[in-house]
Amino acid sequence: MKIAILPGDGIGPEIIEQAVRVLNALDEKFEMETAPVGGAGYEAHGHPLPDATLALAKAADAVLFGAVGDWKYDKLERALRPEQAILGLRKNLNLFANLRPAILYPELAGASTLKPEVVSGLDILIIRELTGDIYFGQPRGVRTAPDGAFKGEREGFDTMRYAESEIRRIAHVAFQAARKRDKRLTSVDKANVLETFQFWKDIVTDVHKEYQDVTLDHMYVDNAAMQLVRAPKKFDVIVTGNMFGDILSDAAAMLTGSIGMLPSASLDANNKGLYEPSHGSAPDIAGKGVANPLATILSAAMMLRFSLNRAEQADRIENAVKAVLAQGLRTPDIYEEGTTKVGTKEMGDAVVQALR
Ligand code: IPM
Ligand code: MG
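Numbering of the sequence shown is given in the working numbering, commencing with residue 9 and proceeding in unit increments.
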């Protein structure tokens with residue numbers, strides 16, 4: 009089993025370092041190879057996704073990804089910006105299914121900005137389609153409007169589109185995930201306005217015929233945003249397109265108050281995957297040793313479960329994380345009075361210790 013390790017920018021390298029230590033503390037040893045990506049890829053090879061990094065990611069059984077992005081690259085042309093690395097990896101590796109769990113650990117109930125009774129015990133799974141939609145649709149660009157009311161004026165445009173097969177395959181992933189949970193799936197669309205999402209709704213409804221044991225409902229994205237803050241525990245699994253999923257998953261993550269705790273998986277049709285924390289590169293705290301490594305450590309656990317078929321090892325890591333929370337250890341992002349504030353490395357130490 010070979011794991012590609014892509015630390016990236018900002019806090020990426022320091023949180024990845026702790027996740028690698030945790031992996032190395034398991035009984036089974038995995039082959040790991042590190043390569044630069046994002047701003048680090050640009051610095052090393054002039055491109056956010058260097059050829060050698062992409063080749064390594066393709067050859068590996070799984071990819072563990074830190075985070076990319078830094079303000080200092082904001083002035084580069086779009087194709088050279090750090091974000092292109094993650095978009096390029098998703099597209100080139102066909103990672104169409106993005107699993108973003110939002111779980112509120114009981115010890116962290118106070119970290120949420122919502123009332124405890126609204127979020128305590130929260131356990132929802134957002135499944136975001138990741139390689140289609142307006143993110144990748146062609147044509148796109150800035151041009152002189154060829155016709156219409158604004159003819160002759162400059163305009164920016166993108167294309168929202170989904171092919172039937174793209175909707176079917178993400179719907180199957182979602183129904184199967186719901187089957188393993190509370191068997192309730194909410195498909196989020198904007199069928200009242202957009203052709204693409206009326207089509208989405210029709211196809212998801214059709215796929216549902218194969219999963220009659222799962223309850224399916226449909227919700228418009230604006231209402232879904234409202235319900236996520238009003239009564240988030242009513243959801244079990246949510247499936248949606250790339251852009252709506254981007255937005256709703258940030259909202260869902262923040263329900264838990266601790267985006268520093270949330271892992272994510274991006275999978276292809278064969279469960280090969282890229283695993284990354286749901287948070288970003290946080291350049292403002294990079295190098296200070298205060299970043300929360302738990303989302304990355306939990307991403308490594310997801311990797312063991314989904315891509316490497318090592319469910320027992322994944323359980324061990326998840327239990328170790330619960331144990332350190334129960335011990336009262338907290339990085340600054342989840343710190344509350346009465347708990348013990350620790351840094352990135354101390355948190356990693358504690359998880360390694362709890363594994364033993
Ligand atoms: C995410 C991020 C990315 C996205 C950015 C960094 C390109 O926001 O993973 O949610 O929009 O998908
Ligand atoms: Mg996002």
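Note that beta-carbon positions come from the ideal geometry of N, C-alpha and C, so glycine has one too. Quantities reported herein were computed from a predicted structural model and do not represent experimental measurements.
In the DSSP assignment, what residue or residues form a beta bridge with residue i?
i, result
"residue 10", "39"
"residue 275", "105, 281"
"residue 131", "111"
"residue 349", "338"
"residue 157", "Looking at the DSSP assignment, residue 157 forms no beta bridge with any residue, so it has no partner."
"residue 165", "149"
"residue 137", "105"
"residue 227", "196"
When you compare only the Cα positions, how much space is there between residue i and residue j?
i, j, result
"residue 160", "residue 150", "12 Å"
"residue 257", "residue 187", "21 Å"
"residue 215", "residue 51", "45 Å"
"residue 177", "residue 204", "16 Å"
"residue 77", "residue 58", "15 Å"
"residue 21", "residue 337", "22 Å"
"residue 252", "residue 84", "27 Å"
"residue 45", "residue 23", "15 Å"
"residue 220", "residue 208", "19 Å"
"residue 107", "residue 305", "16 Å"
"residue 189", "residue 224", "13 Å"
"residue 60", "residue 333", "38 Å"
"residue 308", "residue 335", "21 Å"
"residue 201", "residue 228", "10 Å"
"residue 12", "residue 319", "19 Å"
"residue 14", "residue 29", "15 Å"
What do you get for residue i, buried or exposed, if any count of 16 or more other CB atoms within 10 angstroms of its CB means buried?
i, result
"residue 26", "buried"
"residue 41", "exposed"
"residue 230", "exposed"
"residue 148", "exposed"
"residue 324", "buried"
"residue 125", "exposed"
"residue 165", "exposed"
"residue 154", "exposed"
If I measure Cβ to Cβ from residue i and keep anything under 8 Å in the same chain, skipping five residues before and after, which residues do I get?
i, result
"residue 152", "160, 161, 162, 163"
"residue 1", "With the chain covering 9 to 364 only, the question about residue 1 has no answer from this structure."
"residue 128", "112, 114, 117"
"residue 62", "96, 97, 100"
Is residue i near the ligand SAH, judged by its Cβ being under 7 Å from some heavy atom?
i, result
"residue 91", "Here the bound small molecules are the ligand IPM and the ligand MG; the ligand SAH is not part of this structure."
Looking only at its own chain, which residues have a Cβ that is under 6 Å from the Cβ of residue i, when we skip the five neighbours before and after it?
i, result
"residue 195", "212, 226, 247"
"residue 174", "140"
"residue 321", "34, 312"
Less than 7 Å between C-beta atoms, sequence neighbours within five positions excluded: which residues of the same chain meet that for residue i?
i, result
"residue 315", "69, 70, 279, 280, 281"
"residue 331", "362"
"residue 33", "360, 363"
"residue 19", "75, 289, 290, 293, 294, 299"
(message) Does the region 129-141 come into contact with the region 237-246, if we say contact requires no fewer than three beta-carbon pairs (one atom in each stretch) closer than 8 Å?
(response) yes
(message) For the structure I just gave you, are there three or more beta carbon pairs, one from the region 102-117 and one from the region 265-278, closer than 8 Å?
(response) yes
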